[in-house]
Amino acid sequence: MLCPLQVTQPPRTEQQGQLLGGFDEKAYLVGKQLKPGDDPYREHAFNLQESDRLGSERAIRDTRHYRCASLNYDTDLPATSIIITFHNEARSTLLRTIKSVLMRSPPSLIQEIILIDDFSSDPEDCQLLSQIPKVRCLRNGRREGLIRSRVRGANTASASILTFLDSHCEVNTDWLQPMIQRVKEDHTRVVSPIIDVISLDNFAYLAASADLRGGFDWSLHFKWEQIPIEQKMARSDPTQSIRTPVIAGGIFVMDKSWFNHLGQYDTHMDIWGGENFELSFRVWMCGGSLEILPCSRVGHVFRKRHPYDFPEGNALTYIKNTRRAAEVWMDEYKQYYYSARPSAQGKAFGSIADRLTLRRKLNCKPFRWYMENQSLLFMSTHNQEKEPLKTEKWKILRKVCSPVFLLIDYWRRPRG
Ligand SMILES: [Mn+2]
1 MLCPLQVTQP PRTEQQGQLL GGFDEKAYLV GKQLKPGDDP YREHAFNLQE SDRLGSERAI
61 RDTRHYRCAS LNYDTDLPAT SIIITFHNEA RSTLLRTIKS VLMRSPPSLI QEIILIDDFS
121 SDPEDCQLLS QIPKVRCLRN GRREGLIRSR VRGANTASAS ILTFLDSHCE VNTDWLQPMI
181 QRVKEDHTRV VSPIIDVISL DNFAYLAASA DLRGGFDWSL HFKWEQIPIE QKMARSDPTQ
241 SIRTPVIAGG IFVMDKSWFN HLGQYDTHMD IWGGENFELS FRVWMCGGSL EILPCSRVGH
301 VFRKRHPYDF PEGNALTYIK NTRRAAEVWM DEYKQYYYSA RPSAQGKAFG SIADRLTLRR
361 KLNCKPFRWY MENQSLLFMS THNQEKEPLK TEKWKILRKV CSPVFLLIDY WRRPRG
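Going by the UniProt record's numbering, the first residue of the sequence shown is number 1, and it counts up by one from there.
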């Protein structure tokens, strides 16, 4: 059966004034556009020209399963504080993220949008946006990184539910209600949308598969993996939540008091990377759960490289962060991390005493429990890929199904 193409509607012009208040969108965008002759990929590792050209309120395809549209949510869902951290984000991309939230969320659910400007070169990137109703801007006095910036945002949030969002996203129809509903029903749930792909070249909005969950390899790199076949067979309802061992980390909703109770984030982690494992292990091992909600869709620009500098270097920062996660949470399994990443041995990672105390205080389960309950199938698929014969077959399969695997490649790209 062919489904009609559903698209989100751009807002009518009379809604514009209400959405943006005194904010002068044109002046904001013109202030920072690509100059003729400049490489459109240089500054942001995506095509800035395309982002600028698109405008701030394009319609996108409603990528949900059609049954999602007929679901009902509580009329008294609690409001959320949206927390967006960024460092030198493209103005047109950041504005589209914010406007998509304002256009596609029930206004009563948006308590505020908190922007954390992590010491971008131009303070006005953030300041000017605070003229938009509900938008607040906090600027760090020095580069703190994603982790400490998010904690700063969470500490100032006034709603009881936190929504973390990347700065290069577009949220889709009814993205927020399913997530808030799940967290309202059980505050220990930490929930993510399905993350659709916004092309870094032409900004096309592409639907991601609804059959994926988060996984990792022993060097602590995130990867999407197929839902285990038994779980897939047991799913009669495509709108049902998908339990996931780890979340990708860029976009999720969490009860604020649960976030605080579980120790927020490890604030000794720098810039970017590894914090999603630390959070995911901690949530599962300390009494919560992680899930992906197929009826919530958010588009994200996946990039091939980080567009910004790591003051200590990209590799060292990733090692420091993942080593902290491994040392605090992985128990005897950390030896697999060190075998997969021998260069991590002997690298500085700071004191973890506070996080070990936290783990004891919360009376968290051992990592073995997590592995046995969450990641069994993940490990078996991971090992299969190492077998040469299967790798050969895999290569042929990739060639035959290249359009599909192009998409998978997008998902496997490092997230910036
Ligand atoms: Mn990102």
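Don't be surprised by glycine CBs; every beta carbon is placed ideally from N, CA and C. If you're wondering where the values come from, they're calculated on a predicted model, not measured in any experiment.
7 Å Cβ cutoff met for residue i and residue j
i, j, result
"Ile113", "Lys134", "yes"
"Leu290", "Val298", "no"
"Leu138", "Ile116", "yes"
"Ile83", "Phe23", "no"
"Val191", "Val253", "yes"
"Gly214", "Thr239", "no"
"Thr97", "Ser167", "yes"
"Gln231", "Asp211", "no"
"Asp266", "Arg355", "yes"
"Ile319", "Ala348", "no"
"Phe281", "Trp329", "yes"
"Val301", "Ile194", "no"
"Leu176", "Ser70", "no"
"Gln111", "Ala159", "yes"
Cβ neighbours of residue i in the same chain (closer than 8 Å, five flanking residues each side left out)
i, result
"Asp74", "Gln181 and Lys184"
"Asn47", "Pro40, Tyr41, Leu200, Asp201, Asn202 and Phe203"
"Leu129", "Phe23, Tyr28, Leu94, Leu95, Ile98, Leu115, Val135 and Cys137"
"Ser241", "Arg182, Val191, Glu291, Ile292, Leu293 and Pro294"
"Arg368", "Asp331, Glu332 and Tyr333"
"Glu124", "Gly31"
Same chain, Cβ closer than 7 Å to residue i, neighbours up to 5 away in sequence not counted
i, result
"Thr63", "Asn172, Asp196, Ala207 and Arg297"
"Phe310", "Ile271 and Thr317"
"Gly21", "Gln131, Ile132 and Pro133"
"Ala90", "His44, Leu48 and Ser51"
"Tyr308", "His87 and Asn88"
"Asp409", "Here Asp409 scores only 49 on pLDDT, less than 50, and its place in the model should not be relied on; the value that follows carries that caveat. Taken in chain order, the list of residues that qualify is empty."
"Ser149", "Thr85, Ile116, Asp118 and Asn140"
"Arg152", "Ile116 and Leu138"
"residue 462", "With the chain covering 1 to 416 only, the question about residue 462 has no answer from this structure."
"Asn383", "Residue placement at Asn383 is flagged as unreliable, the pLDDT there being 41, under the threshold of 50; the coordinate-derived value follows with that caveat. Cβ neighbours of Asn383 beyond the five flanking positions: none."
"Leu77", "Leu109, Gln177, Ile180, Gln181 and Lys184"
Own chain partners of residue i with C-beta closer than 6 Å, once the 5 adjacent residues on each side are dropped
i, result
"Leu54", "Phe203"
"His187", "Asp255 and Trp258"
"Cys364", "Met285 and Cys286"
"Asn321", "Met269, Gly273 and Gly274"
"Leu95", "Ser56"
"Gly249", "Asn276"
"Pro178", "Leu293, Cys295 and Ser296"
"Leu19", "Leu102"
"Leu362", "Cys286"
"Gly263", "Leu358"
"Ala340", "Trp218 and Ser219"
Residue-chain proximity (residue i, chain D), Cβ-Cβ < 7 Å
i, result
"Gly263", "Here there is only one protein chain, and chain D is not present."
Cβ-heavy atom distance, residue i to ligand 2, below 6 Å
i, result
"Gly250", "Looking for ligand 2 in the displayed structure turns up nothing; the ligands present are ligand 1."
Please determine if the stretch 309-325 and the stretch 272-282 are in contact, where contact requires at least 3 C-beta pairs separated by less than 8 Å.
Contact between the stretch 309-325 and the stretch 272-282 is present, with at least three C-beta pairs closer than 8 Å.
Can we say the stretch 137-152 touches the stretch 27-37, given the rule of at least three CB pairs closer than 8 Å?
Contact fails: fewer than three Cβ-Cβ distances are below 8 Å.
Three or more beta-carbon pairs under 8 Å between the stretch 327-342 and the stretch 209-220, yes or no?
As far as the Cβ criterion goes, the stretch 327-342 touches the stretch 209-220, which means the pair count is three or higher.
Which parts of the stretch 288-350 are runs of the alpha helix (DSSP H), unbroken and 4 residues or longer, counting only runs that do not cross its ends?
You should have 314-329 and 334-340.
Can you list, in chain order, the stretches of the alpha helix (DSSP H) that have 4 or more residues and sit fully within the stretch 77-104?
Taking only runs of at least 4 residues, the alpha helix (DSSP H) segments lying wholly in the stretch 77-104 are 91-104.
What alpha helix (DSSP H) runs, 4 residues minimum, are completely inside the stretch 165-232?
Annotation note: the stretch 165-232 contains the following uninterrupted alpha helix (DSSP H) runs of length 4 or greater, listed N- to C-terminal: 176-185.
Which complete alpha helix (DSSP H) runs does the stretch 23-85 hold, if anything under 4 residues is left out?
Complete alpha helix (DSSP H) runs here, min 4: 25-30 and 48-54.
Entirely enclosed alpha helix (DSSP H) segments - the stretch 237-271, minimum 4 residues
Entirely contained in the stretch 237-271, the alpha helix (DSSP H) runs reaching 4 residues are, in chain order, 256-261.
Alpha helix (DSSP H) runs contained entirely in the stretch 120-162, provided each spans 4 or more residues
Here the runs fully enclosed are 124-127 and 146-156.
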